[in-house]
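Chemist: Last residue of the sequence shown: 238 (this note's numbering), numbering continuous. Note that CB positions come from ideal geometry on N, CA and C, so glycine has one too. None of these values were measured; they are calculated from a predicted model. Below you will find the structure I want to go over with you.
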Amino acid sequence: MCRADGTPVIALTLRHDRLDNFWFTLLHEFAHVACHLSGETPIILDDLDVVSDDKVEKQADRFATDALIPEKIWARVTEESSSEDLLAVAEEAGVHPAIAAGRWRFQYSDYRRFSKLLGSGQVKAALTAE
């Protein structure tokens with residue numbers, strides 16, 4: 109959303125306290141600020157738990173996905189990829205392994221694999237560390 113003075117504001121929850129979710133959601137919302145927020149559209153509310161066919165949402169999803177791990181790096185990931193494969197992809201992309209694990213889980217709709225790589229509980233811990 110935009111404040112009264114036009115300054116953009118991004119608000120996130122920690123309902124899913126995982127590194128993969130935090131970084132994807134932050135970049136998704138940044139895409140809205142960069143590409144969609146305007147005087148005609150001063151607020152955008154997302155529910156990332158709901159799959160949408162909306163062009164604006166798909167554009168924000170693509171921005172976040174590609175910003176985290178470019179398609180040319182992700183292209184070698186398959187449904188049979190191992191933890192070691194995802195660690196290598198994450199290292200090449202310069203992101204935390206949670207990003208690769210979360211993307212794999214979403215893409216292949218298998219939320220049982222790679223749970224130890226997700227960085228569960230690490231976002232809140234990082235934000236509240238003294």
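State buried or exposed for T236, treating a residue as buried only when at least 16 other CB atoms are found within 10 Å of its CB.
Modeler: Its Cβ having fewer than 16 others within 10 Å, T236 is exposed.
Chemist: If you draw a straight line from the alpha carbon of E187 to that of V197, how long is it in whole angstroms?
Modeler: Whole-angstrom Cα-Cα distance: 14 Å.
Chemist: Pairs of beta-carbons, one from the segment 143-152 and one from the segment 110-120, closer than 8 Å: are there three or more?
Modeler: With the cut-off at 8 Å, the segment 143-152 and the segment 110-120 touch.
Chemist: According to DSSP, what are the bridge partners of C110?
Modeler: P116, per the DSSP bridge assignment.
Chemist: Taking G227 as the reference, which of K166, V203, S190 and A175 has the closest Cα?
Modeler: That would be V203, whose Cα lies nearest to the Cα of G227.
Chemist: Quick one, are the C-beta atoms of R126 and A234 less than 8 Å apart?
Modeler: No, Cβ-Cβ distance for R126 and A234 is not below 8 Å.
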